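Encoded as structure tokens, the structure appears first; notes follow it.
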Amino acid sequence: MTARRLPSGGVIDRTQPLTFRFDGRVMCGLKGDTIASALLANGVRIVGRSFKYHRPRGVWGSWVDDPNAIMTIRLGDRELPNVPAATTLLENGMEIRAVNAWPSAKHDVKGGLDLLHRWLGAGFYYKMFMSPDWHLFEPSIRKMAGLGPVNTAVYDDPSDQVNAACDVLVVGGGPAGLLAARLAAERGEDVWLVEDHATLGGTSAQVTAIDGQDPEAWVTAQEAAILAAGGRILRQTTAYGIYDHQMVGLLEKFDFAAAPRRWRLRAGRIVLASGALDRPITFANNDLPGVMSLQGAADFAARYGVLVDRKVVVAARGAPAEHAIALIEQAGARLTRVAPDAPLKAFGYKGAQGIAIGGLRRFADTVLVSGGLTPLVHLWRHAGGKLDWCARRQAFLPGAMPIQMQAIGAANGTYSLHDALEEARAAGTNTPVTRVDTAEEMTPLWPKPNSKGRQWVDFQHDVTLKDVSLAAQENYVSVEHLKRYTTLGMAADQGKTANMAGLAAMAAIQDRPIPEVGTTTFRPPFVPIPIESFHGHYSKQLWHPLKRLPLETAHRALDAALCEYGGWLRPGWYGNGAAQTHIQAEAKQARETVAIFDGSSLGKIAVMGPDAAAFVNFVYYNTITTLQPGRIRYGFMLTEGGIVKDDGVIARLGPEHFLISCSSSHTDSVRLHLEAWRQDGNDPDRIFIHDETQAWATVTVTGPKARGVVETLGLPLDLGREAFPHMSLQTTSWKGQPMRLARVSFTGDLSFEMSVPARHAEALWTSLHDATKAAGGGLLGIEAMSILRAEKGYIMIGKDTDGETMPHDLGFTVPRNKKTAAFIGDRSLHSPVANAADRKQLVGLAVGGDDVIPTGAHVVLTGTRQSQGYVTSSYFSPSLGKPIALAIVAGGTNKMGQDMETWHKDARTSVTICPPCVFDPEGERLNA
Amino acid sequence: MQRFPCPFCGPRPETEFHFMGEAGKIRPKTTQAISDAEWATYLHSQRNEKGTVREVWMHLTCGEMFIMIRDSVTMEVLGTETLRKDAS
Amino acid sequence: MGAYSAWSVFKEGLRDGRGWRQAWRTPTPKKHYDVVIIGGGGHGLATAYYLTKNHGITNVAVIEKGWLGGGNTGRNTTVIRSNYFYPESAALYDLSVQLYEGLSKDLNYNVMFSQRGNLVLAYSEHEMEMAARQYNAMRLNGIDAELLGPNEVRKMAPILDFSDTARYPIHGGVNQPRAGTGRHDAVAWGFARAADQAGVDIIQNCEVQGFVMEGGRCVGVETSKGEIGAGVVGAAVAGHSSVIADLAGYDLPITSYCLQAFVSEPLKPILDTVVISPAFGTYVSQSDKGGLVIGGGLDRVPSYAQRGNMPVQEAVLGGLVEMMPALAKVKLLRHWGGIVDVTPDSSPIIGPSGVDGIYLNCGWGTGGFKAIPAGGYLLAHCLATGEHHEISKPFNRSRFETGQLVDESAASGIPH
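Protein chains in written order, with the numbering used here: chain A, 312 to 1239; chain B, 1416 to 1503; chain C, -14 to 401.
Here you go:
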């Protein structure tokens, strides 16, 4: 092998040498090199090992079609596995190692696996390892498989995700793409051109003139014209997929291992000028290093100034191949040609030394092959375009297309530059593209079943012609079965080189036409792209961002333990000591004196309008029409399935004005629910729904001394029991600001809930906190509040209920039996399952001893493992001096006084079913 | 990312929309006797057509609901209609 | 060569595999079968297999419009588990896990059921309480389970983000050790080969276009290859259940959605279990080949389009990076979508269709692969006996009328 750098030509910068190491050897490349071109220029022949047999692999192609050169690369503090060498630009200082090979690609200890190949054919693993047990074999198979290892370092460089739109997207910056983009831009269309190489021009470097001009000058002129007309050009950018509604995914690459940028580009129309790939020829030992794509070699010469060898044997067919051959000859290679359909056999150890035709041996370290071109139609298929089989070109070409998309140039099967530019003119001016039919008819050149030798179809995955034959013999003849059974086309290149040969082989074996065999599904992404591309900047605290309280600063100043509750960041408790100590103390203090609690996250949804009363009566389980202005009622909203969706209080502020208070975490879903019913089945002009949650902050004062604390605000109203009874509401003002003052209670103690515009929250909080402290009271976090409400048997939706709970399971039976008006979920409350006796119902559990039963324990019949329900809330009650628990238990209402057991991690605890409310069951404190 | 046409806000990305259900489902009058089967049909039955579908969607950002007609295979949006009965 | 074994692989290796027989035949359809099964995916093929094995019924055809195993069987994330809450679900899915445990030997085809565990993460004290509820339910249902704290989770999956900056701090999780993954294609192929050997005709590239009715009873199907008479018909056509229902004249409470999945480039072993994160909406495992197999939630828009769309890709893959930031730069090789049947309670429908002579197996939603052996076993029972197996009774379609849903998400405390 005597690959060498040509003295001139190519897009590389000869003034900027780059140093790198490959498998430990120091090498030199040039700026503009890909890793593959640099390796070739350094005479590297074996660049890796195949996946299954660990056969030596050389560079096959010069771009996305190369399945062989896959590296683990370290640069600075970054290391990435499975980097495709042919599409990655070389950078100074790269440490490059071949994946799947140890200690080096050249000397791989697992190379001996190839000796076992006759037993490791397609699907061998489906036929063995069953006895005695797959699990005995699997660990070593897993270790053998996989390519590179993941470096577990975490890099903090989020990937940009950008939305954009354009009139025309041109995919591919070769001559056809450039011209189409220029013409479209000059017509005034907003044009984007994307090119996955770092440089524009595509195959222009391989021709002597374009439109009579010097190719380089022509490319520069097109670029300038596109930019001058307002077009945009993105290099190193791959259109990786097309999605619904003309949405194209673009991936823009930057330096090695840097996060890429992903564009979501909505393109009015798309011009596909993605070119075509070379096809291997299937012959014996065609996988040897040194057997290369002819087009790849031409590209290496034209683009990177690398001549793959001075002496080469060529087996090729078709006009594009002739063009490439001429180019390589001009670059200084001596060529020997062999008939591509002759019975060829490459020979050599760890690399080709020549090719034999029958007994005749042609010696050359490099064998260039081209079995014709395969248009790159991946994006065409993503967009739902059809493919038509073209016998003349022996290729699948773009056919009917449902969206605004045209294919031109080699992607359209038009390989001549002249014709490609004609198509570009049509596409550029948004007129129909008529494919120019080439004069030359391609004689089929496909794998020959039953021919001798090991003939590779998929180089990376070691799928040979024999494997395809075996699949056919075993009747895995569908093209998808072929792929899945042999793993053909499932490697990192997703079959860009392998698929055509594979399906042609299957067609030949079965004597069916190729189009009848068909292709496997083309799935995005077109090339492997980093998962981080889909992630973006919304990370960590910005991922599902928390909702914040207006009083967060005040809470922090009071050493609140801020925790996430239903998407809100709220104080769990206050203080830096042991959590349980604080929680118990807060609960005790609230019962004994007074405490203040931030209730701002509770939903506040206003319903107004002439039909508001009828509407809320329909959306509530409870009858609401009888609620008087100024009064509050506790109730449920149900789903149409009769399941409790949310609970809370509803206040009537006026005849046509209601205020719904819903659970903090349910506000959005309740608003959606209300809107849905407002607009579907009601006159939306007579009902208005307004979510005021964020507008108001709410501070609750609760406890025996609550009235005294609220009195310190000096509100102009009578807070007395008769004038302002439990479950009533008054609107007033405080310091010139509107205030809603409600007597509702989540604790079972005398409580006042005060809401003011959110910007005045801190003033209210400070006043009330000072007064509370003066009264001997303190703060109350969510955790202590949960104890208080559990003592009262007050439920929390989603904790003490589940997705089967109906209101009568919670003891609220009256509307189910008495409400005459229709309401959401009404009919479901009378279904057979709603009437069942063994429904899970809310109960309390009386627990002996001091140990709190774990929440999540199940309730079982004593001595059995039959689950009857589960513990939903369980705490130590400081006021009662004992553990308490709520549970939902099958038929629980009728089991009062019954002894049962809880079961948690094999441990049983005796409990007695009791009513849910164990604190002040008469409600004297509540109504105080 | 699909683009749906809100009749009020114009074309907007699909993430702003919420699928509410198939169009044309009438809630039975629950103040009258309804069999379990009739109620189950109302609750659960789906046409689930492969091809042209009529569905109710909400544009979450403006809160308005509307009927969208689209193709459930090609995902092409074929049109929208208002839910308002009195709309001309 | 018939039976597969290490010995047969060795012997065939010596003679270039010339003795390997067809895994299944390509038969011409007969005029009439005792049982015709529509759908040559895992469930349909398993049904045929269990008809022959459990009921001695071998005059059976499986009719597949494309290639066998080409529907959701061939495009899922291969998770097999029975970590269910309700006894009805646990019985169903654990029957499946038990059948999977013996399946490779039973079918003489290595389906590579790899019992590497299935870990569901919990991210708060409240979620730990729910995890305990789930764990205890599983144990009481007779399913293996482990309730894990953060250190035990770290041991199982050290690649997870345990840093202070993680959006959701890991509090623990529930693991089912017997759960794991299987080789999805092999399940279809193994059942097909075994059913074929028992005499079942598997007819590929044959589309059902109508039903032959006589006196209100279905007595056959009209297909693209002609009319085929049937003593009884079973339909296991996930993704297209509503389309077949429409042809046959019964209603289904099913909505079709695209479910996407993703696979990365092959990596050396980095993750030794299946990890599910409800908070991030992503789950992931690593295949024997080395690829990360990634899944998440349904697309937002009901559809029959098997493509998938960006919003869910961003949610699922973004979620993966949040869960396991070290995998951010791993490359995605391929993503795809399949159509799943979603029922109101996300549980399957098994049993009579409502049209005499047609029985159903559908509505598996996102989890049909893990249920393949059980789905086939139970539908075979219905077809052979005309009656439910005890395990499939709760999954009769009449539950939507009685309200007796089997709604697993209900138990998680998420109200609908």
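Glycine included, every Cβ here is placed at the ideal spot set by N, Cα and C. All values derive from a computational prediction rather than experimental measurement.
Does any C-beta atom of chain F lie closer than 9 Å to the C-beta of A/T832? Absent from the structure is chain F; the protein chains it does hold are A, B and C.
B/G1425 versus B/T1446, B/A1438, B/F1434, B/E1479, residue with shortest Cα-Cα distance: Sequence index remark: in the second sequence, residue 1425 of chain B carries index 10 (1-based). Comparing Cα-Cα distances from B/G1425 to each of B/T1446, B/A1438, B/F1434, B/E1479, the minimum goes to B/E1479.
Which residues in chain B sit within 8 Å of C/I213, going by Cβ to Cβ distance? Here residue 213 of chain C refers to the residue found at position 228 when the third sequence is read from its first residue. By Cβ distance, chain B contributes nothing, its closest Cβ being about 23 Å from C/I213, past 8 Å.
A/K622, enclosing beta strand (DSSP E) - first and last residue: Along the first sequence, read from residue 1 onward, the residue named residue 622 of chain A stands at position 311. Where A/K622 is concerned, the enclosing beta strand (DSSP E) stretches over 622 to 627.
Report the three-state DSSP secondary structure of A/H848 (helix, strand or coil). Here residue 848 of chain A refers to the residue found at position 537 of the first sequence. If DSSP states are grouped into helix, strand and coil, A/H848 belongs with coil.
Please report whether the beta-carbon of B/A1452 lies at a distance below 9 Å from any beta-carbon of chain C. Start at 1 with the first residue of the second sequence, and residue 1452 of chain B comes out as number 37. So, interface residue.
Inside the region 1039 to 1100 of chain A only - alpha helix (DSSP H) runs reaching at least 4 residues: 1072 to 1085
Along the chain, where does the alpha helix (DSSP H) that runs through C/A171 open and close? As a working note, residue 171 of chain C is residue 186 in the third sequence. Unbroken alpha helix (DSSP H) run through C/A171: 169 to 182.
Using a Cβ-Cβ distance under 9 Å, would A/G1104 count as near chain B? As a working note, residue 1104 of chain A is residue 793 in the first sequence. No, A/G1104 does not count as interfacial toward chain B.
Please confirm whether C/D341 has its beta-carbon closer than 9 Å to some beta-carbon of chain B. Sequence index remark: in the third sequence, residue 341 of chain C carries index 356 (1-based). Closer than 9 Å: no.
When you check each C-beta in the region 945 to 975 of chain A against every C-beta of chain B, which residues fall closer than 8 Å? E951, G952
Alpha-carbon spacing of A/D444 relative to C/Y34, whole angstroms: Working through the first sequence from its first residue, we reach residue 444 of chain A at position 133. Working through the third sequence from its first residue, we reach residue 34 of chain C at position 49. In a straight line, the C-alpha of A/D444 is about 22 Å away from that of C/Y34.
Any beta-carbon of chain C closer than 9 Å to the one on A/V688? Locating residue 688 of chain A in the first sequence gives position 377, where the first residue counts as 1. Judged by the 9 Å Cβ criterion, A/V688 is not in contact with chain C.
Are the beta-carbon atoms belonging to A/Y796 and C/W349 less than 9 Å from one another? Translated into positions along the first sequence, residue 796 of chain A becomes position 485. Translated into positions along the third sequence, residue 349 of chain C becomes position 364. In this structure, C/W349 does not lie closer than 9 Å to A/Y796 by Cβ.
What is the DSSP secondary structure of A/K807, reduced to helix, strand or coil? Walking along the first sequence from the start, residue 807 of chain A turns up at place 496. Reduced to three states, the DSSP call for A/K807 is coil.
Every unbroken alpha helix (DSSP H) inside the region 364 to 400 of chain C [4 residues or more]: 384 to 387, 393 to 396
Show which residues of chain C have a CB atom less than 9 Å away from the CB atom of A/A550. Against the first sequence, residue 550 of chain A aligns to sequence position 239. Simply none; closest approach about 14 Å.
Closer than 9 Å to chain C by CB, B/R1427: Against the second sequence, residue 1427 of chain B aligns to sequence position 12. Not an interface residue.
For chain B, check one thing: does any of its Cβ atoms lie closer than 9 Å to the Cβ of A/R648? The residue given as residue 648 of chain A occupies position 337 in the first sequence. Judged by the 9 Å Cβ criterion, A/R648 is not in contact with chain B.
Would you say C/P72 reaches chain A, if we count a Cβ-Cβ gap shorter than 9 Å as a contact? One-based indexing of the third sequence puts residue 72 of chain C at position 87. Yes, C/P72 lies at the interface with chain A (some Cβ there is under 9 Å from its Cβ).
Quick check on this structure: which residue in A/E897, A/V680, A/G914 has the alpha carbon closest to the alpha carbon of A/G877? As a first step, residue 877 of chain A is located in the first sequence; it is residue number 566 there, counting from the start. Measuring from the Cα of A/G877, the nearest candidate turns out to be A/G914.
Contacting residues, own chain, Cβ-Cβ under 7 Å from A/N596 (five flanking each side not counted): The residue given as residue 596 of chain A occupies position 285 in the first sequence. So the qualifying residues of the chain are K656, A657, F658, G764, R765.
Taking the alpha-carbon positions, what's the A/A731 to A/V623 distance? Here residue 731 of chain A corresponds to residue number 420 of the first sequence, with the count starting at 1. Here residue 623 of chain A corresponds to residue number 312 of the first sequence, with the count starting at 1. Looking at the two C-alpha atoms, the distance is approximately 30 Å.
Which ranges does the beta strand (DSSP E) cover as unbroken runs of at least 3 residues, wholly within the region 73 to 122 of chain C, from first to last along the chain? 103 to 107
Looking only at its chain, what residues have a beta carbon closer than 8 Å to the beta carbon of A/G643, apart from the 5 residues adjacent to it on each side? What you label residue 643 of chain A is simply residue 332 of the first sequence in a count that begins at 1. Same-chain partners within the cutoff: L317, L618, R621.
From C/P162 to C/T351, what distance separates their C-alpha atoms? Within the third sequence, residue 162 of chain C is the residue found at index 177, counting from 1. Within the third sequence, residue 351 of chain C is the residue found at index 366, counting from 1. Using only the alpha carbons, I get a separation of about 21 Å.
I'd like the span of the alpha helix (DSSP H) that includes B/G1494, first residue to last. Within the second sequence, residue 1494 of chain B is the residue found at index 79, counting from 1. No alpha helix (DSSP H) holds B/G1494; the beta strand (DSSP E) holding it covers 1492 to 1497.
Would you report the Cα separation of B/T1489 and C/Q291, rounded to the nearest angstrom? To locate residue 1489 of chain B, count along the second sequence from 1; it is residue 74. To locate residue 291 of chain C, count along the third sequence from 1; it is residue 306. Cα-Cα distance, rounded: 10 Å.
Beta carbon of C/I357, beta carbon of C/L345: below 9 Å? As a first step, residue 357 of chain C is located in the third sequence; it is residue number 372 there, counting from the start. As a first step, residue 345 of chain C is located in the third sequence; it is residue number 360 there, counting from the start. Contact: no.
When A/F1063, A/I668, A/E1033, A/T1023 are compared against A/T1042, the one with the closest alpha-carbon: Counted from its first residue, the first sequence places residue 1042 of chain A at position 731. For the residues A/F1063, A/I668, A/E1033, A/T1023, the minimum Cα distance to A/T1042 belongs to A/F1063.
Helix, strand or coil for B/T1430? Go by DSSP, reduced to three states. Against the second sequence, residue 1430 of chain B aligns to sequence position 15. Reduced to three states, the DSSP call for B/T1430 is helix.
A/K777 versus C/Q182 - alpha carbon distance: Indexing the first sequence from 1 puts residue 777 of chain A at position 466. Indexing the third sequence from 1 puts residue 182 of chain C at position 197. Approximately 25 Å between the Cα atoms of the pair.
Check this for me: beta carbons of A/S911 and A/L857, under 9 Å apart or not? Position 600 of the first sequence, counted from the start, is the residue given in the question as residue 911 of chain A. Position 546 of the first sequence, counted from the start, is the residue given in the question as residue 857 of chain A. Contact: no.
Inside the region 1119 to 1184 of chain A only - beta strand (DSSP E) runs reaching at least 3 residues: 1151 to 1158, 1169 to 1171
With 16 other CB atoms within 10 Å as the buried threshold, where does A/P1143 fall? In the first sequence, residue 1143 of chain A corresponds to position 832, counting from 1. Label assigned to A/P1143: exposed.
Checking contacts by CB at 9 Å: is B/E1464 closer than that to chain C? Start at 1 with the first residue of the second sequence, and residue 1464 of chain B comes out as number 49. Chain C, which has a Cβ nearer than 9 Å to the Cβ of B/E1464, makes this yes.
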